[in-house]
Amino acid sequence: MTVLRVALDLPLHCLFDYRHENAGCAEVGLRVRVPFGRDERIGVIVEVAEGSDWPLAQIRPAIEILRDIAPLPADFFALCSFASSYYQTPLGEVIMQGLPAGLKRLEPPRRRQARGTRSGAPAVAPALTGEQSAALAAIDLAAGFSAHLLHGVTGSGKTEVYLRLVERALLAGKQVLLLVPEINLTPQLEGRVRARFADASVVSLHSELAEAARERNWLAAFAGEADIVLGTRLAIFTPLPRLGLIVIDEEHDQSFKQQDGMRYSARDLGVFRAHQGNIPILLGSATPALESWANAQNKRYALLTLRERANPAATLPVVTLLDTRKLPLQEGVSEPLIAAIKERLARREQSLIFLNRRGYAPVLSCVACGWVSRCTRCAANMVLHLADRRLRCHHCGFEQRLPKACPTCGNQDIHPFGRGTQRLEGWLQEAFPEARVLRVDRDSVKSRKQWEAMLERIHGGAADILVGTQMLAKGHDFPKLTLVGALGADAALFAADWRAPERLFAQLMQVAGRAGRAELKGEVLIQTQYPDHPLYAALVAHDYPGFAATLLKEREQAGFPPYTFQAMLRAEAPLMADSIAFLKAAANLPVIDEHQNVIIYDPIPMKLSRLANQERGQLLAESASRAALQAFLPRWREAIKALKPPSRLRWHLEVDPLEF
Ligand code: ADP
Ligand code: ZN
Ligand code: ZN
27 MTVLRVALDL PLHCLFDYRH ENAGCAEVGL RVRVPFGRDE RIGVIVEVAE
77 GSDWPLAQIR PAIEILRDIA PLPADFFALC SFASSYYQTP LGEVIMQGLP
127 AGLKRLEPPR RRQARGTRSG APAVAPALTG EQSAALAAID LAAGFSAHLL
177 HGVTGSGKTE VYLRLVERAL LAGKQVLLLV PEINLTPQLE GRVRARFADA
227 SVVSLHSELA EAARERNWLA AFAGEADIVL GTRLAIFTPL PRLGLIVIDE
277 EHDQSFKQQD GMRYSARDLG VFRAHQGNIP ILLGSATPAL ESWANAQNKR
327 YALLTLRERA NPAATLPVVT LLDTRKLPLQ EGVSEPLIAA IKERLARREQ
377 SLIFLNRRGY APVLSCVACG WVSRCTRCAA NMVLHLADRR LRCHHCGFEQ
427 RLPKACPTCG NQDIHPFGRG TQRLEGWLQE AFPEARVLRV DRDSVKSRKQ
477 WEAMLERIHG GAADILVGTQ MLAKGHDFPK LTLVGALGAD AALFAADWRA
527 PERLFAQLMQ VAGRAGRAEL KGEVLIQTQY PDHPLYAALV AHDYPGFAAT
577 LLKEREQAGF PPYTFQAMLR AEAPLMADSI AFLKAAANLP VIDEHQNVII
627 YDPIPMKLSR LANQERGQLL AESASRAALQ AFLPRWREAI KALKPPSRLR
677 WHLEVDPLEF
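Per my numbering, the very first residue in the sequence shown carries number 27; after that it's consecutive.
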C-alpha cells in the first residue's frame with residue numbers, strides 16, 4: 027500500500043494522506059486529483075510513503091495522478107518550504123500559489139504549445155562606460171553564489187549592465203530570471219530585452235496576463251524552453267531548470283512585497299533562491315532599500331557603483347528648493363516654478379509637475395458646519411473627483427455622487443480642500459492656454475494599452491506639461507523633458523510611519539531622475555516649507571549614501587530594522603474592542619515567557635484603523651535576533667490559533683512588515 031502525502035491549497039499547516047494502489051506511477055512533484063469532503067481538489071504530491079499515522083481504513087484513495095507535465099523539481103519544494111516556514115504560511119498555500127491557475131483546475135483548459143516570442147534583428151549594444159565595465163568585471167557567473175547591489179544614479183545605465191550579464195548567462199546556456207516591480211509601468215524595459223536578445227525566447231510572467239498566456243509562459247519556463255523570464259514578484263517561484271542568474275531591478279520598490287495572502291518579499295526570496303541554486307543575484311537601484319544598503323555596508327552584498335549618467339551628453343539635473351513660506355503662490359504653484367514652465371514652453375521642451383495625490387481635491391468640506399466628506403466604511407476622507415462628479419474612497423473604492431449641498435446642514439457653500447492632480451491640471455491649462463497639458467495617474471491610465479498610448483504621445487511630443495503621480499517616476503526616458511517640479515512633498519516628512527522619509531527620498535530621486543536624460547540639461551524645483559530639512563539637502567547634493575547613512579544611524583539608535591527583526595500580528599473585526607482584546611490575549615500567552623529575547627509591544631489600532639467596515643489593530647513582535655524571532659513565531663502562532671477569537675474576527679501574521 028502506497029500513501030501519498032499531498033499539499034492542498036488550504037489554510038492548514040498539514041499535509042493530507044491518500045492511498046494509491048499503484049506505487050509505480052506515484053512520484054513526488056506530480057499533481058494529483060483527490061477527494062476532499064464532498065468535493066475533489068487538485069494537490070501536489072510532496073512525499074510517497076509506505077504507511078501513515080492514520081488508520082489505513084480512514085485514508086481515502088486518490089482519484090488520479092496527473093502526468094500531463096513533468097514532476098515539480100526538488101528546488102521548487104525547497105524554496106516553498108523555506109517560504110512556508112519563514113513567512114508562517116501553510117506549505118500547501120505556498121506551493122499552490124506558485125502554480126498557474128490552469129494547473130490547479132479540476133478540468134484543465136486545453137493547452138496550446140508553449141512558446142516564447144522571438145523578434146527580428148538584435149539591437150546593437152552601446153560601448154560600455156568605464157563604470158559599467160568595472161561593475162560587470164566584478165560579477166563572475168561561474169563562481170557560484172554571490173549577491174551584488176548595483177547602486178547607480180538615474181540614467182547611469184543599470185539596465186545595460188543587466189543586459190550584458192544576461193548575454194553572458196545565455197552564452198553559458200543558462201536561464202535568467204529578471205524581476206521588475208510592475209511590468210506594465212515599464213514596457214520600455216521589456217522592449218529593450220526583446221530587442222537585444224532577438225534569438226532568445228523571452229516570456230513574461232505577471233498577474234495581468236490572461237490566464238492561458240500565463241500558463242503557457244510558466245510551462246515554457248518550467249520546461250527550460252524560455253531563456254529569459256521577465257516577471258513581477260510572483261515569478262520568483264517559477265521552477266527554472268537551467269537558472270543561472272537572478273536580476274532584481276528597482277529592488278527598493280515596495281511592490282516586491284506581497285501585501286495579502288502570503289506576505290512575502292520576492293527580493294528576499296530571490297537572495298535565498300540564488301543561494302540555494304549557487305548562482306549570482308544582482309539587485310539594482312538608484313535608491314536601494316535601507317536593508318540592502320546595510321547589507322552592502324556590512325559586506326554581505328558586494329557594492330557596485332555607477333556615479334555618472336551613461337549618456338556622455340547627459341548630466342544629473344540641478345536640484346533647487348523653493349521656499350513656499352517666502353514665495354507668492356498661485357493655486358499652490360510658486361512664481362519661480364511658473365517662470366520655469368514658461369521658459370520650457372518657449373523652448374518647446376517638456377515639463378513634469380509631480381503631485382502624488384490623484385483626484386481633484388483630497389476632501390470636500392462645508393464652511394458653515396465643518397462637515398467633511400468622510401468615507402462611511404473607512405477611517406479616511408473621500409476624495410473629490412470632479413471629472414465624473416463623484417466622491418471616491420481611495421482605500422475601499424466606495425463611491426458617491428457629489429452632493430449639491432452639505433448633507434448635514436444643507437448649506438450650498440461646500441468647498442474642495444487641498445489639491446490633487448485633476449485640479450492642478452485644470453489650473454495649468456488655464457494658466458498656460460497655449461500649452462498641451464497631459465495628466466498621468468491611475469484615473470487617466472487604467473490599462474497597459476492606455477499607458478503605452480500615453481507614453482507614445484509623450485515621446486511623440488504631443489504634450490508640453492505633464493501632471494502626474496509616481497506613475498511617471500519609474501524608469502522612463504523622455505528626451506525632451508528638462509523640468510521637473512515637485513509639489514506637496516512635505517506631507518511625508520513628518521509622517522508617523524518611520525519608513526516615510528526613505529520612501530519620499532526614493533520617490534523624489536526617481537522623479538527628479540526623469541529630467542535631462544539626453545543632451546538637454548535638466549532642472550528640478552522642489553517646493554517646500556522646510557528647505558533646511560536634511561532630506562532635501564541630500565537631494566540637492568544627489569547624495570543617497572549620505573542620506574542612507576543618516577537614516578541607518580537613526581534606525582540603529584531607535585532600534586528599528588534593519589537592526590531588529592519584526593513580525594506583526596494584525597486582527598480585524600467589526601468592533602475595535604474585539605480586535606484589541608484578541609491582540610491583548612495574544613500578547614499575554616504563556617509561550618512568550620519562554621522566549622526572553624523576543625519583545626511583544628502593546629496592541630494598538632492601525633494607522634488606517636477602519637477599512638471597509640473592519641476595525642483593525644496590530645501587535646508588534648520584535649527581536650534583535652532573526653533566529654530567535656523565527657524560533658518564536660511558529661510556537662506563538664500555534665498558541666494564537668488556540669485562542670478561539672470571535673467568529674467575525676480575522677487575523678494574520680506578517681514577517682518583516684513594511685506598512686504600519
Ligand atoms: P538606468 O537604468 O540606470 O536609469 P538606463 O539603463 O535606462 O539607466 O540608461 C540611461 C540611458 O543611457 C539610456 O538611454 C541608455 O540607452 C543609455 N546608455 C546606457 N549605457 C550606455 C552607454 N554605455 N553608452 C551610451 N549610452 C548608454
Ligand atoms: Zn454643513
Ligand atoms: Zn472607504
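No residue lacks a Cβ here, since even glycine has one placed at the ideal position from N, Cα and C.
Where L395 sits in the DSSP three-state scheme: The residue you asked about is not Leu; residue 395 is Cys in the sequence shown. In the structure shown, the three-state DSSP call for C395 is coil.
Beta-bridge partners of F380, as assigned by DSSP: Beta-bridge pairing links F380 to G494 and A512.
When the distance is taken between beta carbons, is A292 closer than 9 Å to L235? no
Going residue by residue through the region 465-491, where are the continuous alpha helix (DSSP H) segments of at least 4 residues, counting only ones entirely within it? 474-485
Following the continuous beta strand (DSSP E) through V617, name the residue where it begins and the one where it ends. No beta strand (DSSP E) contains V617, which DSSP labels as neither H nor E.
Is it the case that the CB of E648 approaches a heavy atom of ligand 1 more closely than 8 Å? no
Just jot down, in chain order, the residues whose CB lies closer than 5 Å to any heavy atom of ligand 2. C392, A394, C395, W397, C432, T434, C435 and N437
Let me know the alpha helix (DSSP H) ranges lying completely inside the region 285-353, each 4 residues or longer, listed in chain order. 292-303 and 316-323
Please check the pair I379 and I484, which I expect to be a contact at CB under 8 Å, by giving their CB distance rounded to whole angstroms. Actually they are not in contact, since the Cβ atoms of I379 and I484 sit about 14 Å apart, beyond 8 Å.
Using the Cβ count rule (16 or more neighbours within 10 Å means buried), how would you classify Q644? buried
Cβ contact (3+ pairs, closer than 8 Å) linking the region 310-323 and the region 174-184: yes
How many angstroms separate the CA atom of F248 from the CA atom of D225? Rounded to whole angstroms, F248 and D225 show a C-alpha spacing of 19 Å.
Reduced DSSP secondary structure (H/G/I, E/B, other) of D628: coil
Which residues are close to ligand 3, meaning CB closer than 5 Å to any heavy atom, in chain order? C401, R403, C404, C419, H421, C422 and F424
Checking 9 Å against the spacing of the C-beta atoms, do P588 and A169 come in under that value? Taking 9 Å as the Cβ cut-off, P588 and A169 do not qualify as a contacting pair.
How far does the alpha helix (DSSP H) with W244 in it reach, from first residue to last? E237 to F248
When you compare the CB positions of H441 and C392, do they come within less than 9 Å of one another, or not? yes
Flag L332 as yes when its Cβ comes closer than 8 Å to any non-hydrogen atom of ligand 1, and as no otherwise. Within the cutoff, so yes.
I'd like to confirm the pairing. Which residues does DSSP put opposite P213 in its beta bridges? Looking at the DSSP assignment, P213 forms no beta bridge with any residue, so it has no partner.
Consult DSSP for W677 and reduce its assignment to one of helix, strand or coil. strand
Which of the three DSSP states is assigned to M535 in this structure? Reduced to three states, the DSSP call for M535 is helix.
Could you pull out every unbroken alpha helix (DSSP H) segment of at least 4 residues lying fully inside the region 430-466, listed in chain order? 447-457
Taking C-beta to C-beta, are T508 and V466 nearer than 9 Å? Against a cut-off of 9 Å, the Cβ pair of V466 and T508 comes out as no contact.
May I ask whether a heavy atom of ligand 1 can be found less than 8 Å away from the beta carbon of A657? no
Just verifying my parser: in three-state terms, what is the DSSP assignment at V70? strand
Starting from V29, trace the alpha helix (DSSP H) in both directions and tell me its first and last residue. Element bounds for V29: not the alpha helix (DSSP H) but the beta strand (DSSP E), T28 to A33.
Using a Cβ distance threshold of 8 Å, determine whether the region 527-539 contacts the region 359-366, with at least three qualifying pairs required. no
Within 10 Å of its beta-carbon, does E119 have 16 or more other beta-carbons around it, so buried, or fewer, so exposed? buried
Residue from R299, L266, T180 and A261 with nearest C-alpha to Q284: Residue A261 holds the alpha-carbon nearest to the alpha-carbon of Q284 among R299, L266, T180 and A261.
Kindly indicate the opening and closing residues of the beta strand (DSSP E) around Y44. Taken as a continuous stretch (DSSP letters only), the beta strand (DSSP E) holding Y44 covers F42 to H46.
For L577, I'd like the list of residues in its chain whose CB is within less than 7 Å of its CB, leaving aside the five on either flank, ordered along the chain. L316, P527 and E528
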